[in-house]
Amino acid sequence: MDTHPWQRPRSKSINLEKKFAERTTCHGLGHIVDQDVPKVRRYLWSIVTLAASVGCMIGSIQLLQYVLSFPTNIDIEIIHQDSLIFPAVTICNFNQLTKTALSEEDNRHLQTFLRIYHRKGAINKKDLELATSYFRNKTGVDFHLQNLTQDLGHRKNDIIVSCLWDDQVCGPENFTTIFTIYGNCYTFNSGAKKEGMLSQRGKGSAHGLRLVLNIEQYKYSGKLSYGSPDAGIRFAVHSTADLPEMDAEGMSIPPGMHAYASIPGADVIEGLPKPWGQCGSQKLKYFDHYSVSSCRREKEIDFILQRCGCVEPHHASSSNPVSVGINTNVCPVACVQTEYNVEVSYALIPSQVVVNDISDQYNVTKIIENARNQRLNLTMSKLEFIRENFAFLDVYYKDLYLFKTIQKQASGFVAFLSDIGGQLGLFVGGSFLTMFEFFEYIYDKCFQQTKRSKREISRRMQSIREKRRPESMASSTSVRGNLSTNVHNFKVNESISSHNVRSNGIKSKFRRSNSEHLANIRISPSSID
1 MDTHPWQRPR SKSINLEKKF AERTTCHGLG HIVDQDVPKV RRYLWSIVTL
51 AASVGCMIGS IQLLQYVLSF PTNIDIEIIH QDSLIFPAVT ICNFNQLTKT
101 ALSEEDNRHL QTFLRIYHRK GAINKKDLEL ATSYFRNKTG VDFHLQNLTQ
151 DLGHRKNDII VSCLWDDQVC GPENFTTIFT IYGNCYTFNS GAKKEGMLSQ
201 RGKGSAHGLR LVLNIEQYKY SGKLSYGSPD AGIRFAVHST ADLPEMDAEG
251 MSIPPGMHAY ASIPGADVIE GLPKPWGQCG SQKLKYFDHY SVSSCRREKE
301 IDFILQRCGC VEPHHASSSN PVSVGINTNV CPVACVQTEY NVEVSYALIP
351 SQVVVNDISD QYNVTKIIEN ARNQRLNLTM SKLEFIRENF AFLDVYYKDL
401 YLFKTIQKQA SGFVAFLSDI GGQLGLFVGG SFLTMFEFFE YIYDKCFQQT
451 KRSKREISRR MQSIREKRRP ESMASSTSVR GNLSTNVHNF KVNESISSHN
501 VRSNGIKSKF RRSNSEHLAN IRISPSSID
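The UniProt record's numbering puts the first residue of the sequence shown at 1, with every later residue one more than the last.
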């Protein structure tokens, strides 16, 4: 008997697991399904393979955690250079205002502002109005402590007695004026000049910067509020991209001393941005180059401007401070920083035998005469004058080494793949292609399940159709029987109807003939007779 297509026996489904285990390059699975070896050995292979798989997973998870921690390495390079970019050197006088430029009335009204600035007690409102009016009438503009300090402070033409760079004569014109907490300060090699930054081409003080400075102690104001109680020079060696932080990074030279500031080399630090490091950069409004100090100062300026509409005078040079409550985390460390580890040593000046030579070389006699012309009582000798007012400063590289500290990524995507491959090879003898084999098996398994589901659905649908078929056949037979009966009845009725019609016709003809016959009888009475 023929069978329907859905009734044909289904072929055995392929055992994908066994086929995959026999041909995969992943070690161990083939031994587990090998039917030619004892069960004990297959169980042993199962345990070993499972343990190796667990070890591989643990190692891979640890590798992933390590990569997600964004590890870094630090590389240190020491490079000898023929020349190195010379740092910026900023010098300040401990005293802010000179007494020769201040009258008694200037002092009295200036004390009013300084008491406000240093928050020393309450100020009478009338005194503040008088002081403001006084300086407005004197200068023609609103009072500004920075402008006053520039006019009444120590000037670079007076402070810088001698300047040599690489044995070449330099002067006050090679210094840029900035304003700090020490008042007027002057920076050599600030990078603001058109000629750019200077480079030292040989080691030693002869190839560096050599300064002879006059601190003008005879002009000190005598007011503690006008500066520090110290006498001397405050200097800082810093990158040209950084603002000098004189209070934090500055070093001091007392009068009568020769300071030798030697630099072993330039330390360049190259960091990484997040997530590997903490460095970054921002666009600044008031400064051309980004640095942490510039960024913090800008944030402080904006903060104070927003709160009170003014800024501290030592921040005004940046265009318009350290304040409590400012979040310094918004200023990340620059990704490239240059630092200088300065080693300072001192010597006493001058020796007794060279006093006259120094006096002649640096015009000490003329300086003393100018001071006396300003009604300054100077009765000291040349030796005493030099030791109380002169300071020597040499800044130089003692070695032309560039020390580079570079932060690098310890692990990247390629390294992570290599480590994962090592884990697979060590524990299960697998590779990237082995992973593809697993993907292929999963695909085949899903495909097989899909086909099986489709066959099951088709089988169920066919079963439903088979159940419905006898009922439909019986129903069709009944319909055909009823239809035949109805047709037969219709034909019988039709024949009966036609027979009745014919009978009725005969009867009508018979009645019509009888009527005609009776009529003829009535019309012919003679015939009756």
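C-beta: ideal position from N, C-alpha, C; glycine also.
Neighbourhood of residue i by C-beta, 6 Å cutoff - its chain only, sequence neighbours within 5 removed
i: T405; result: I76, I269
i: C26; result: V428, G430, T434
i: Y220; result: N95
Same chain, Cβ closer than 7 Å to residue i, five either side skipped, listed in chain order
i: I253; result: G232, I233, F235, A259, A391, L393
i: P229; result: none
i: N137; result: none
For residue i, the three-state DSSP class (helix, strand or coil)
i: V414; result: helix
i: K18; result: helix
i: M197; result: coil
i: H80; result: strand
i: P172; result: helix
i: N320; result: Confidence is the limiting factor: at N320 the pLDDT is only 40, short of 50, which leaves the residue's position unreliable, though a coordinate-based value still follows. Coil at N320, not helix or strand.
i: T25; result: coil
i: N124; result: coil
i: R465; result: helix
i: residue 530; result: Lying before the first or after the last residue shown, residue 530 is absent from the chain, which here runs from 1 to 529.
i: Y441; result: helix
i: F179; result: strand
i: Y220; result: strand
i: D288; result: coil
i: G153; result: strand
i: A131; result: helix
i: T426; result: Correcting the residue identity first, residue 426 is Leu in this sequence and not Thr. L426 falls in the helix class under three-state DSSP.
i: M246; result: helix
Own chain partners of residue i with C-beta closer than 8 Å, once the 5 adjacent residues on each side are dropped
i: N157; result: P172
i: S53; result: F427, V428
i: N15; result: none
i: L272; result: T72, C279, C335, Q407, K408, Q409
Option nearest residue i by Cα separation, candidates the options
i: N95; options: T24, K203, R155; result: R155
i: V205; options: A261, D242, N174; result: Going by the sequence as given, residue 205 is Ser instead of Val. Per the Cα distances, A261.
i: D419; options: E17, Y66, P38; result: Y66
i: I160; options: L97, T132, N93; result: N93
i: P350; options: E440, N174, P255; result: P255
i: G191; options: L50, K299, I85; result: I85
i: N124; options: G422, T112, S133; result: T112
i: L284; options: G250, K454, D242, N363; result: D242
i: I368; options: N389, L348, V353, D357; result: N389
i: S345; options: Q352, Y396, N377; result: Y396
Element boundaries [alpha helix (DSSP H), containing residue i]
i: H31; result: 29 to 32
i: T90; result: No alpha helix (DSSP H) holds T90; the beta strand (DSSP E) holding it covers 88 to 93.
i: S359; result: 355 to 361
i: S60; result: 39 to 68
i: A371; result: 364 to 373
i: N157; result: 156 to 159
Where the beta strand (DSSP E) through residue i begins and ends
i: S399; result: First, the residue type needs correcting, since residue 399 is Asp and not Ser in the sequence shown. Where D399 is concerned, the enclosing beta strand (DSSP E) stretches over 390 to 409.
i: N184; result: 183 to 188
DSSP bridge partner residues for residue i (one or two, in chain order)
i: S252; result: R234
i: R210; result: L164, D394
i: V268; result: T338, K404
i: V333; result: C279
i: Y346; result: A259
i: T98; result: Y220
i: P71; result: According to DSSP, which records beta bridges pairwise, P71 is partnered with nothing at all.
i: I85; result: S199
i: P273; result: C279
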